[in-house]
Each structure stands twice: as structure tokens, then as C-alpha cells.
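Q: Protein chains in written order, with our numbering: chain R, 15 to 287; chain H, 15 to 287.
All C-beta atoms in this analysis are idealised placements derived from N, C-alpha and C, irrespective of residue type, glycine included.
Okay, handing you the structure first.
Structure, rendered in C-alpha cells:
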């Protein structure tokens with residue numbers, strides 16, 4: 015991209031974690047259509063909470079679902095990451111110019127990125143050095159209004175197609191549930207420090223055996239910080255967090271080196287116990 | 015920990031992704047036994063490649079499998095992260111002093127951390143601010159020799175119990191397949207930049223339908239870098255990479271801010287197309 019002598023239309027891989035029938039992927043295809051030719055490859059079924067899971071015990075099948083001049087749609091009996099891997103391997107001779115994931119039905123801000131299939135597919139895309147963007151709307155319903163997301167998402171696609179992203183970096187875009195003209199703008203943010211606090215609901219089945227349903231609520235560990243995605247979303251902005259695939263905690267390296275595992279006067283030595 | 019007036023024995027939560035019957039978790043319990051009382055909660059079945067997946071569509075069941083004075087063992091019909099969540103919620107009044115995951119049958123170095131259930135459970139533990147360590151042995155067999163890992167892993171547990179880890183940080187420990195006395199020592203490393211290159215194997219079923227098996231090989235994008243986990247392991251060291259749960263790419267924030275989404279002379283504006 016950014017090569018003005020290249021008049022070829024960009025090719026865009028679209029995926030999601032809510033499945034190929036979800037309203038969110040329809041909205042994302044709508045968002046992306048002005049920018050290029052679309053190959054959409056999404057799971058057969060909903061895959062929320064599947065994170066970066068890959069399918070290794072069962073084989074995958076790739077089904078063509080529909081085709082128009084500008085949009086080919088496929089489904090896969092696997093996870094969002096399976097979709098990206100299989101698409102990259104089987105459907106492209108040259109890598110696509112852009113990978114888009116979503117629009118997720120629900121937030122992927124803060125620590126939710128860790129559990130998110132939408133963002134796992136996005137991160138997987140960035141491993142191939144293809145600019146990748148994950149979009150999520152803060153509406154958990156099955157039939158949300160994606161029009162504001164489509165409208166405000168396009169400038170983000172435009173900017174990424176023009177400027178690219180750093181290698182092995184991708185974007186986590188979250189969109190608040192607001193009318194189109196009530197969205198205040200776009201904020202570049204860091205990932206909020208938060209946690210999902212579980213409250214498993216314990217029930218007893220008809221045979222007297224206990225079972226547990228995962229429930230929980232989000233807790234923001236830094237509600238006053240104004241540079242986070244949580245703050246931006248709570249204050250009417252679209253949040254963009256640039257995401258890395260290098261999970262090293264560099265600050266911790268120096269501290270660990272002081273533990274002297276290998277020095278002559280090593281404190282922590284392998285010995286027989 | 016580190017409170018010398020506290021003579022209470024540390025409580026250690028142990029989990030894995032290969033299932034409660036795996037030889038690796040038996041070895042990890044053996045490694046941890048000298049340090050405290052152990053509550054082990056692991057998946058019913060193998061969960062390799064499940065990453066940070068959580069179970070939201072089906073209920074979870076927690077089965078007590080065995081109990082001795084020092085070790086209680088449970089299994090859960092879910093993912094490694096489910097095990098940590100359910101254990102933290104149902105089995106502890108006070109949080110454990112340490113969370114250990116593994117020993118994984120196979121490497122979780124470099125980018126493999128993203129797909130790993132072992133490391134997802136470790137990362138989940140660190141979200142609770144409990145010091146968490148994931149151990150992996152570079153042997154994919156079902157019956158590896160874990161004795162060197164047990165021997166050399168204990169000083170790491172000792173150091174972490176004494177010094178703690180920074181909040182929301184955990185350790186990714188990988189152990190090369192070498193005899194106990196051939197392991198050169200422990201290296202604190204950064205995560206290698208690598209990628210799994212897929213080579214899906216396409217087959218045709220008896221009804222003439224194509225299906226795909228995920229295969230692939232690891233490619234090291236920086237084979238000459240000497241500060242990575244890949245280098246340490248290839249050169250006879252145990253690698254420790256400190257891992258963060260903040261996936262923000264801070265270097266990219268400044269670059270994205272220059273895109274001027276919200277300035278008066280904004281280049282990328284939401285408009286009708």
C-alpha cells in the first residue's frame with residue numbers, strides 16, 4: 015500500500031468470532047467494502063471466549079457460503095484463529111493488504127482482549143505482518159445498531175491502509191453504544207488495568223450433582239486513569255489500543271537478573287532436597 | 015511471603031493443560047511438594063492449544079480425584095483457565111501463595127505462548143496478583159523424563175516464593191531436553207520473535223469432501239539474537255521470560271497520535287461514502 019503506481023484494489027480478509035451469520039460481520043463487510051475486494055472467512059458457529067485457541071484434534075472444513083463481485087464468504091468449523099490460518103494458507107497466493115475482525119457483539123476493552131476470539135484473530139493476522147484491526151461494539155445483544163460503528167470505523171481503515179502498522183502490531187478498536195453524532199471522536203489509549211471477577215453460580219442437577227456456570231463482572235483497577243480505553247469509552251470516545259505480540263515484561267528482566275541464579279555465590283541453586 | 019513471623023505453610027495451586035492424568039502435572043507436584051501444601055486442579059482431558067479460552071456455553075463440574083495430607087487433586091471438564099477461575103472462586107478463602115502450571119509436554123517458548131493453555135493458566139493466575147509460573151519441557155512425548163526439570167525448577171520456585179513477582183507479571187519457564195548435569199544454568203530472556211508457519215494437510219474424505227489438518231513448523235525470525243528464549247534453549251540453558259498482561263504497544267501510541275483523527279485539519283474524518 016501507499017504505492018501510488020499500484021492501482022490494484024486492496025484485498026481484505028474479514029473474520030470474526032460470532033460466526034459467519036452474525037450481524038457484526040455483515041456490518042464489518044459493509045464498513046470495508048469501499049476500500050477493496052473482500053474475502054470473509056468466519057467460524058460456522060459462535061466462538062466467543064475462545065481466545066487464541068487452535069483446533070488440533072479434529073480436521074477443519076472450509077465451506078463457500080456466498081459470492082458476489084466484491085465479497086466472497088466462507089465458513090470454517092473451527093476457531094477465529096483457525097479461520098485466519100486456513101484462509102492465509104489456502105485462499106491467498108499473496109497476503110491480503112488488511113485483516114479485519116469483528117464487529118464483535120460486546121466489548122473487548124481492557125483485559126477482555128485476553129479472552130477474545132475477535133482480538134485473537136486480529137493478533138494472529140499481525141503475526142503475518144499484515145496490518146490487522148479488531149472492531150468491537152459495546153452492545154452484547156444479537157441485533158445491535160452497527161451504523162455508528164460502520165461510519166466511524168472507515169477513517170480508521172483508511173488511515174491504516176495508507177500508513178500501515180508496525181510489524182507484529184495490531185489495533186484493538188472499541189466503539190461505545192451512542193448515536194452516530196454523539197461519538198466525540200477517536201482516542202489512542204493504553205490497555206486499562208482491570209479484571210473479570212468471577213462469581214460462579216453453583217446449581218445442582220436432577221441427579222444431585224453440583225455444576226457451575228461462569229458469571230462475573232468487570233472491575234476497573236484504575237478508574238481515575240484518563241489514558242485508558244475504559245476511560246475513553248466511558249466518556250464517549252472510540253478507543254484504539256495498539257497491541258503487541260511481544261508479551262515480555264521488560265521492566266521485570268533487570269529485577270530477575272538480580273536473583274543470581276548462575277553466579278558463583280548463587281543464592282538459589284539446584285540441589286538435592 | 016517473606017514474612018518471617020508467618021510460619022504457615024505456603025499453599026500452592028497447581029494446574030496444567032495436558033489434563034490431570036498427565037505425567038507432567040505429577041512431576042510439577044513433585045517439584046512443588048517441598049515448598050507447601052498443594053491443591054491441584056486440572057482439566058479432565060488434554061487441552062493443548064486452548065490458549066486463554068473460557069467455557070461459557072456449558073456448565074463446569076469439579077471432581078475430587080485424590081487426597082493425601084499434602085496434595086488434593088481435582089479435575090474440571092473445562093479449559094486450563096476455567097480450572098484457575100473455578101479453583102480461585104470455589105477452593106480458596108484466601109488466595110494461594112503461588113500458582114504453578116505444567117509441566118507442559120512440549121515447548122512454550124517464543125510465540126507459542128499465545129496458543130498455550132499452560133501459559134494462559136499462568137497469565138490468568140497473575141491477574142489475581144498471585145505469583146505464577148508456567149513450566150514447559152521441550153519434549154512432546156507422552157512419557158518424557160521430567161527429572162532434570164524437577165531438579166532445576168525448584169530454585170525458581172524458591173526465588174519466587176521469597177521475592178514475589180511484580181503485579182500482573184508471571185514467568186514463562188522452558189526447559190531443554192538434556193540430562194540434569196548438562197543443563198548450563200538459567201537465563202532471563204525476552205520472548206523470541208518467531209512464527210508458526212502453517213502447512214495445512216489437505217485430504218479428501220470417503221464422500222469426496224475436502225478437509226484440512228493443521229500442521230506447521232516454527233520459524234525463528236531472529237536466529238542470531240542471543241537474548242531470547244529460543245537462543246537460551248538452543249544453547250543448553252533453561253529460559254525464563256517475564257510476561258506482562260498489558261498488551262499495549264507503547265511505541266506505537268505516538269505514531270498513531272500523529273494520524274490526527276480529531277484535529278481541526280483532520281485528515282481521516284468520518285464522512286459519508
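With DSSP as the reference, label residue 247 of chain R as helix, strand or coil.
A: Residue numbering aside, residue 247 of chain R sits at position 233 when the first chain is read from its first letter. In the structure shown, residue 247 of chain R sits in a helix (DSSP, three-state: H, G or I).
Q: Kindly identify the DSSP beta-bridge partner or partners of residue 146 of chain R.
A: By one-based count along the first chain, residue 146 of chain R stands at place 132. Bridge partners of residue 146 of chain R: R:113.
Q: For residue 243 of chain H and residue 239 of chain R, I'd like the C-alpha separation in whole angstroms.
A: As a working note, residue 243 of chain H is residue 229 in the second chain. As a working note, residue 239 of chain R is residue 225 in the first chain. Taking the straight line from one Cα to the other gives about 34 Å.
Q: Compare the C-beta of residue 17 of chain H against all C-beta atoms of chain R and say whether one is closer than 9 Å.
A: Here residue 17 of chain H refers to the residue found at position 3 of the second chain. Because the pLDDT at residue 17 of chain H is just 44, under 50, the model does not fix this residue reliably, and the value given afterwards should be weighed accordingly. So no, residue 17 of chain H is outside the interface.
Q: In angstroms, rounded to a whole number, what distance separates the CA positions of residue 193 of chain H and residue 154 of chain H?
A: For this step, residue 193 of chain H is matched to residue 179 along the second chain. For this step, residue 154 of chain H is matched to residue 140 along the second chain. Distance between the alpha carbons of residue 193 of chain H and residue 154 of chain H: 16 Å.
Q: Going along chain R in order, which residues have a C-beta closer than 8 Å to the C-beta of residue 222 of chain H?
A: Working through the second chain from its first residue, we reach residue 222 of chain H at position 208. None at all; the shortest Cβ gap to chain R is about 13 Å.
Q: Among H:99, H:82, H:49 and H:45, which residue has its Cα nearest to the Cα of residue 215 of chain R?
A: To locate residue 215 of chain R, count along the first chain from 1; it is residue 201. Comparing Cα-Cα distances from residue 215 of chain R to each of H:99, H:82, H:49 and H:45, the minimum goes to H:99.
Q: So for residue 57 of chain R, helix, strand or coil by DSSP?
A: Here residue 57 of chain R corresponds to residue number 43 of the first chain, with the count starting at 1. Looking at residue 57 of chain R - three-state DSSP - the assignment turns out to be strand.
Q: Buried or exposed for residue 273 of chain H, going by 16 or more other Cβ atoms inside 10 Å?
A: Here the question's residue 273 of chain H lines up with position 259 in the second chain. Label assigned to residue 273 of chain H: buried.
Q: Look at the alpha carbon of residue 119 of chain R and the alpha carbon of residue 158 of chain R, and state the distance between them as a whole number of angstroms.
A: Translated into the one-based positions of the first chain, residue 119 of chain R becomes position 105. Translated into the one-based positions of the first chain, residue 158 of chain R becomes position 144. Cα to Cα, residue 119 of chain R sits roughly 8 Å from residue 158 of chain R.
Q: Whose C-alpha, out of R:218, R:268 and R:58, is nearest the C-alpha of residue 326 of chain H?
A: The requested residue 326 of chain H is not part of the displayed model; chain H covers only 15 to 287.
Q: Given that residue 266 of chain H touches chain R, what residues does it touch there, using C-beta distances under 9 Å?
A: Position 252 of the second chain, counted from the first residue, corresponds to residue 266 of chain H. Within 9 Å Cβ-Cβ: 179, 180, 183, 185, 202, 256, 257 and 258.
Q: Kindly list the residues whose CB is nearer than 7 Å to the CB of residue 97 of chain R, restricted to its own chain and excluding five residues on each side of it in sequence; keep chain order.
A: As a first step, residue 97 of chain R is located in the first chain; it is residue number 83 there, counting from the start. Once the five neighbours on either side are set aside, the close Cβ partners of residue 97 of chain R are 29, 55, 56, 57, 90 and 135.
Q: Assuming residue 32 of chain R and residue 62 of chain R form a contact by the criterion Cβ under 8 Å, report the distance between their Cβ atoms to the nearest whole angstrom.
A: Taking the first chain and counting its residues from 1, one reaches residue 32 of chain R at position 18. Taking the first chain and counting its residues from 1, one reaches residue 62 of chain R at position 48. Yes, they are in contact, since the Cβ atoms of residue 32 of chain R and residue 62 of chain R sit about 7 Å apart, within 8 Å.
Q: Whether or not the segment 145-153 of chain R and the segment 162-178 of chain R are in contact is what I'm after, with contact meaning three or more pairs of Cβ atoms, one per stretch, closer than 8 Å; do they touch?
A: Touching, yes, given that three or more Cβ pairs across the two stretches are closer than 8 Å.
Q: Would you say residue 64 of chain R reaches chain H, if we count a Cβ-Cβ gap shorter than 9 Å as a contact?
A: Taking the first chain and counting its residues from 1, one reaches residue 64 of chain R at position 50. So yes, residue 64 of chain R belongs to the interface.
Q: Could you compute how far the alpha carbon of residue 224 of chain H sits from the alpha carbon of residue 105 of chain R?
A: As a working note, residue 224 of chain H is residue 210 in the second chain. As a working note, residue 105 of chain R is residue 91 in the first chain. Cα-Cα distance, rounded: 14 Å.
Q: Within 9 Å (strictly less), CB to CB, does residue 119 of chain R reach chain H?
A: Taking the first residue of the first chain as 1, we reach residue 119 of chain R at position 105. No, no contact with chain H.
Q: Does DSSP classify residue 66 of chain R as helix, strand or coil?
A: Mapped onto the first chain, residue 66 of chain R falls at position 52. The answer is coil: DSSP assigns residue 66 of chain R none of H, G, I, E or B.
Q: Residue 75 of chain H touches chain R at which residues, Cβ-Cβ below 8 Å?
A: The count along the second chain starts at 1 and reaches residue 75 of chain H at position 61. The answer, in chain order, is 223, 224, 225 and 226.
Q: With residue 224 of chain R as the anchor, note down where its beta strand (DSSP E) starts and where it stops.
A: In the first chain, residue 224 of chain R corresponds to position 210, counting from 1. Run containing residue 224 of chain R: 224-227, per the beta strand (DSSP E) assignment.
Q: So what's residue 2 of chain R in DSSP terms, helix, strand or just coil?
A: Limits of chain R in this structure are 15 at one end and 287 at the other, which puts residue 2 of chain R out of reach.
Q: Determine the chain R residues that contact residue 78 of chain H at a beta-carbon separation under 8 Å, and present them in chain order.
A: Position 64 of the second chain, counted from the first residue, corresponds to residue 78 of chain H. Correct list: empty, because the minimum Cβ distance to chain R is about 11 Å.
Q: How many angstroms separate the CA atom of residue 37 of chain R from the CA atom of residue 241 of chain H?
A: Within the first chain, residue 37 of chain R is the residue found at index 23, counting from 1. Within the second chain, residue 241 of chain H is the residue found at index 227, counting from 1. Residue 37 of chain R and residue 241 of chain H: Cα-Cα distance of roughly 46 Å.
Q: With DSSP collapsed to three states, give me the class of residue 168 of chain H.
A: Numbered from its first residue, the second chain carries residue 168 of chain H at position 154. Of the three classes helix, strand and coil, the one that applies to residue 168 of chain H here is helix, per DSSP.
Q: Would you mind giving the Cβ-Cβ distance between residue 276 of chain R and residue 167 of chain H, rounded to the nearest angstrom? I have them listed as a contact below 8 Å.
A: Residue mapping note: residue 276 of chain R aligns to position 262 of the first chain, counting from 1. Residue mapping note: residue 167 of chain H aligns to position 153 of the second chain, counting from 1. About 15 Å; that fails the 8 Å criterion.
Q: Could you please give me the residues that DSSP links to residue 118 of chain R through a beta bridge?
A: Counting from one through the first chain, the residue named residue 118 of chain R turns up at place 104. Per DSSP, R:150.
Q: With a threshold of 9 Å between beta carbons, is residue 276 of chain R in contact with chain H?
A: Mapped onto the first chain, residue 276 of chain R falls at position 262. Yes - at least one Cβ of chain H is within 9 Å of the one on residue 276 of chain R.
Q: Beta-carbon separation of residue 256 of chain H and residue 181 of chain H under 9 Å?
A: Locating residue 256 of chain H in the second chain gives position 242, where the first residue counts as 1. Locating residue 181 of chain H in the second chain gives position 167, where the first residue counts as 1. No.
Q: For a contact defined as C-beta to C-beta under 7 Å, what are the partners of residue 209 of chain R on chain H?
A: Locating residue 209 of chain R in the first chain gives position 195, counting from the first residue. Within 7 Å Cβ-Cβ: 141.
Q: For the ligand HEM, any of its heavy atoms closer than 8 Å to the Cβ of residue 210 of chain R?
A: Although the ligand HEM was asked about, the structure shown includes no ligands whatsoever.
Q: Go through its chain and collect everything with a Cβ distance to residue 260 of chain R's Cβ below 8 Å, but skip five positions before and after it.
A: Looking up residue 260 of chain R in the first chain gives position 246. Excluding sequence neighbours, residue 260 of chain R sits near 182.
Q: Within 10 angstroms of the Cβ of residue 266 of chain H, are there 16 or more other Cβ atoms? Answer buried if so, exposed if not.
A: Taking the second chain and counting its residues from 1, one reaches residue 266 of chain H at position 252. That one is buried.
Q: Going by the beta-carbon positions, is the gap between residue 233 of chain H and residue 217 of chain H smaller than 9 Å?
A: Taking the first residue of the second chain as 1, we reach residue 233 of chain H at position 219. Taking the first residue of the second chain as 1, we reach residue 217 of chain H at position 203. For residue 233 of chain H and residue 217 of chain H, no; Cβs fall outside 9 Å.
Q: Of the choices R:197, R:35 and R:146, whose alpha-carbon is the least far from that of residue 111 of chain R?
A: Start at 1 with the first residue of the first chain, and residue 111 of chain R comes out as number 97. Comparing Cα positions, the closest option is R:146.
Q: Please confirm whether residue 227 of chain H and residue 42 of chain R have their CB atoms less than 9 Å apart.
A: For the purposes of this step, residue 227 of chain H is taken as the residue at position 213 of the second chain. For the purposes of this step, residue 42 of chain R is taken as the residue at position 28 of the first chain. No, the Cβ-Cβ distance between residue 227 of chain H and residue 42 of chain R is not below 9 Å.
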